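Peer 1:
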DNA sequence: TTGTAGGCGTTATCAT
DNA sequence: ATGATAACGCCTACAA
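Protein chains in written order, with the UniProt record's numbering: chain D, 1 to 332; chain E, 1 to 332.
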């Protein structure tokens with residue numbers, strides 16, 4: 001690889017001048033600029049970004065930490081973030097935290113040691129305190145899908161509680177009163193909030209909570225299967241099933257087919273997230289839209305604005321979920 | 001951030017010694033090692049990886065280029081690759097090529113300028129020649145899901161042709177003779193090969209090719225929908241539908257439900273890839289397994305061996321597909 | 001076993 | 001507008 005020095009020699013200028021035309025960080029006479037550019041082309045010169053980073057203390061790379069790299073949810077998130085940064089010549093370095101506090105912490109250290117200019121974090125196990133400490137330590141990061149009051153200005157979230165409310169209200173408005181609920185792991189914040197929204201809707205319609213109609217799943221497909229089996233085995237009476245995410249809803253639908261149970265005639269099912277396989281189910285899944293791509297875009301813009309001082313469209317911190325009505329729910 | 005220099009001063013040794021304990025690249029007396037480590041801890045020292053890269057000409061980062069970041073297929077691939085490298089302290093820089101030659105080329109340049117030690121490429125638009133040139137230019141890379149004879153030793157592939165053969169043979173063995181085929185874009189190599197396998201199976205069973213039962217889709221869900229509608233509108237007679245990937249199979253199944261068509265009684269459907277939503281469909285999709293995670297792992301090991309000189313398990317260049325029989329196919 | 005000193009390829013601060 | 005020249009933080013012969 002040619003270096004800036006060789007370019008400068010070929011162009012007959014100093015290497016400082018070459019640097020100037022690369023970054024146009026200072027005026028350069030048109031004639032010299034042309035000479036330099038010609039030299040760069042001739043040598044096929046590409047600036048060494050590592051050296052640039054060392055000298056400028058900027059790496060032009062952004063670290064992304066998500067729980068998993070697979071799965072429809074994170075795929076869309078990453079996709080949007082990458083596109084957004086790529087458009088401005090920046091790179092993403094990606095790591096997975098696997099919902100484990102130790103791995104999350106270690107991943108963050110990992111990304112920091114790579115001199116990332118900023119981090120976009122989707123973490124669920126690390127403590128609020130840790131995050132506050134990170135912020136105090138001068139680490140530039142933005143938090144996705146989690147709200148921590150002390151660093152509210154760095155949080156981009158979905159109103160999970162309202163989403164949970166909408167899902168259950170949707171069932172209630174269809175006339176259902178016996179509504180079973182399949183939650184995610186209750187130690188996860190979004191699971192807790194979605195459930196709170198569920199209770200809120202029930203209260204609003206004067207339906208009292210029935211512990212027998214609650215099941216704590218794992219946000220996985222199998223959790224949905226087990227949930228349905230559990231309710232059936234317990235001989236619970238319910239006409240609607242609210243699932244805290246689409247994976248579990250899919251599992252429940254699969255299990256229902258195996259009973260068999262006619263959907264949505266004998267049971268209405270609603271999911272949460274609107275991941276892209278949600279319309280592969282049969283019947284097509286009614287769900288709550290989680291605008292994950294937009295949230296990813298917003299996180300990227302937060303970084304562009306706060307770290308790279310670029311002017312962008314206005315930032316938005318809270319996104320609103322909404323019902324996507326398809327075929328898996330029906331009036332009773 | 002503390003530098004190696006500060007550590008050396010605090011420990012009362014030269015900075016070369018500190019470097020040695022960091023990389024243990026030369027013997028260091030136990031006593032000094034302890035002193036240095038104590039100093040590092042006290043200062044919370046973390047080596048600056050950018051400076052390390054510049055000095056050592058190693059970035060400890062691997063560039064990954066895939067067509068898309070979203071979608072079940074690439075998610076699993078990335079997930080496995082990241083895990084494999086992460087375990088040995090290396091990180092991945094990820095870019096998307098969007099099946100476009102220009103973007104693929106640019107992405108490769110992008111990753112190279114980041115001084116990646118190696119690239120793992122899943123490209124479909126860039127020419128064989130370009131890749132050969134890249135290899136000649138001394139770029140360390142391994143190619144996934146594509147075979148280029150001139151650089152065969154860098155290719156890790158699935159036997160797509162055999163997979164196509166297995167899918168259609170499965171239908172033939174179930175007694176089907178009128179088999180419609182939904183292909184991917186024929187300019188893509190895997191689509192072409194899967195189709196070749198299809199023809200091979202037909203020939204083996206003495207079934208002649210029927211152009212009316214061929215439809216070129218786009219590897220997307222909508223392609224499957226359009227395919228089924230196309231065949232039906234053309235009044236084609238067929239009892240089985242072979243789709244070149246699971247997305248299109250899902251689309252076809254959805255469309256079949258809308259007709260409605262009883263599955264698998266009135267129509268058997270098989271997909272290809274065995275992506276993780278393939279059992280969300282109803283009936284659960286019979287498909288061809290594409291061991292994408294294993295392929296990702298193998299690519300990572302290729303890099304570990306050929307670039308980082310690590311000893312790993314033996315490398316494997318060609319993976320074999322196999323039929324995953326679920327509920328969407330049935331004897332006629 | 002340890003220290004010295006010269007690079008790695010840029011950026012950035014001075015002069016000129 | 002352009003050119004020297006010091007950083008940037010670390011690695012690595014080469015010496016000691």
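Glycine included, each C-beta is placed from N, C-alpha and C at the ideal position.
Remember, predicted model here, so these are calculated numbers, not experimental data.
(1) What residues are listed by DSSP as bridge partners for residue 71/E?
(2) Are the region 247 to 255 of chain E and the region 218 to 228 of chain E touching, with three or more C-beta to C-beta distances below 8 Å?
(3) Report yes or no: do the region 163 to 174 of chain E and the region 191 to 202 of chain E share at least 3 C-beta pairs separated by less than 8 Å?
(4) Is residue 88/D buried or exposed, if buried means 16 or more other CB atoms sit within 10 Å of its CB?
(5) Please confirm if the region 293 to 304 of chain D is in contact with the region 264 to 272 of chain D, defined as three or more CB-CB distances below 8 Å between the two stretches.
(6) Taking a Cβ distance cut-off of 8 Å, strictly less, list which residues of the region 43 to 73 of chain E are near chain D, in chain order.
(7) In the DSSP assignment, the beta strand (DSSP E) including residue 265/E goes from what residue to what residue?
(8) Is the beta carbon of residue 180/E closer than 7 Å to that of residue 219/E?
(9) How is residue 152/E classed by DSSP in three states: helix, strand or coil?
(10) Thinking C-beta only, is residue 247/E closer than 7 Å to residue 188/E?
(11) Nearest by alpha-carbon distance to residue 116/E: which of 49/E, 153/E, 171/E is it?
(12) Can you name the residues of chain D whose CB is closer than 7 Å to the CB of residue 300/E?
(13) Name the residue from 318/D, 172/D, 274/D whose alpha carbon lies nearest to the alpha carbon of residue 331/D.
(14) Which residues share a DSSP beta bridge with residue 138/D?
(15) Beta carbon of residue 140/E, beta carbon of residue 323/E: below 7 Å?
(16) List the residues of chain E that residue 76/D touches, going by C-beta distances under 7 Å, in chain order.
(17) For residue 58/E, which residues in the same chain have their Cβ closer than 8 Å to its Cβ, ignoring the five residues on either side in sequence?
(18) Please name the residues in the region 281 to 299 of chain E whose beta-carbon is closer than 7 Å to at least one beta-carbon of chain D, in chain order.
(19) Along the chain, where does the alpha helix (DSSP H) that runs through residue 232/D open and close?
(20) In whole angstroms, what is the alpha-carbon distance linking residue 28/D and residue 136/D?
(21) To which residues does DSSP link residue 116/E through a beta bridge?
(22) Could you list the residues in the region 297 to 330 of chain E with a C-beta less than 8 Å from some C-beta on chain D, going in chain order?
(23) Residues in the same chain with beta-carbon distance under 7 Å from residue 26/E, minus the five sequence neighbours each way, listed in chain order, please.
(24) Could you tell me which whole alpha helix (DSSP H) segments of length 4 or greater appear in the region 75 to 131 of chain D?
(25) Going straight from the alpha carbon of residue 69/E to that of residue 30/D, what length do you get?
(26) Excluding five sequence neighbours on each side, which residues of the same chain lie with their C-beta closer than 6 Å to the C-beta of residue 84/D?
(27) Quick one: what's got a C-beta closer than 8 Å to residue 207/E's C-beta in the same chain, skipping five residues either side?
(28) Compute the distance between the beta-carbons of residue 142/E and residue 120/E, then report whether it is under 7 Å.
(29) Could you work out which residues of chain E lie near residue 92/D, taking near to mean beta carbons separated by less than 9 Å?
(30) I think residue 282/E touches residue 282/D, with their Cβ atoms under 8 Å apart; what is that distance to the nearest whole Å?
(31) Taking only beta-carbon positions, decide if residue 215/D is within less than 7 Å of chain E.
(32) Thinking just about the alpha-carbon of each residue, which of 286/E, 316/E, 275/E is nearest to the one in residue 75/E?
(33) Have a look at residue 169/D and residue 145/D and give me their C-alpha separation to the nearest angstrom.
(34) I'd like the span of the alpha helix (DSSP H) that includes residue 254/E, first residue to last.
(35) How close, in whole Å, do the beta carbons of residue 63/E and residue 35/E come, if the pair is a contact with beta carbons under 8 Å?
(36) Any C-beta of chain D sitting closer than 7 Å to the C-beta of residue 114/E?
Peer 2: From the atom records:
(1) When beta bridges are read from the DSSP output, residue 71/E appears opposite no residue.
(2) Segments in contact, yes.
(3) With contact defined as three or more Cβ pairs closer than 8 Å, the region 163 to 174 of chain E and the region 191 to 202 of chain E are in contact.
(4) exposed
(5) no
(6) 46, 47, 48, 49, 50, 51, 53, 54, 59, 61, 68, 69, 70, 71, 72
(7) Note, residue 265/E: premise wrong, no beta strand (DSSP E); not H, not E.
(8) no
(9) Residue 152/E carries a helical assignment under DSSP once its states are collapsed to helix, strand and coil.
(10) No, these two residues do not count as a Cβ contact at 7 Å.
(11) 49/E
(12) Below the 7 Å Cβ cutoff, chain D contributes no neighbours of residue 300/E, its closest Cβ being approximately 13 Å away.
(13) 172/D
(14) Per DSSP, none; premise fails for residue 138/D.
(15) no
(16) 70
(17) 52, 117
(18) 281, 282
(19) Run containing residue 232/D: 221 to 233, per the alpha helix (DSSP H) assignment.
(20) 41 Å
(21) According to DSSP, which records beta bridges pairwise, residue 116/E is partnered with nothing at all.
(22) none
(23) 20
(24) With a minimum length of 4 residues, the unbroken runs of alpha helix (DSSP H) contained wholly in the region 75 to 131 of chain D fall at 101 to 113.
(25) 41 Å
(26) Closer than 6 Å at Cβ, skipping near neighbours: 297, 300.
(27) 172, 177, 179
(28) yes
(29) 93, 94, 95
(30) Contact between residue 282/E and residue 282/D holds: CB atoms are separated by about 4 Å, below the 8 Å threshold.
(31) no
(32) 275/E
(33) 23 Å
(34) 246 to 258
(35) Not confirmed; about 38 Å, so no contact.
(36) yes
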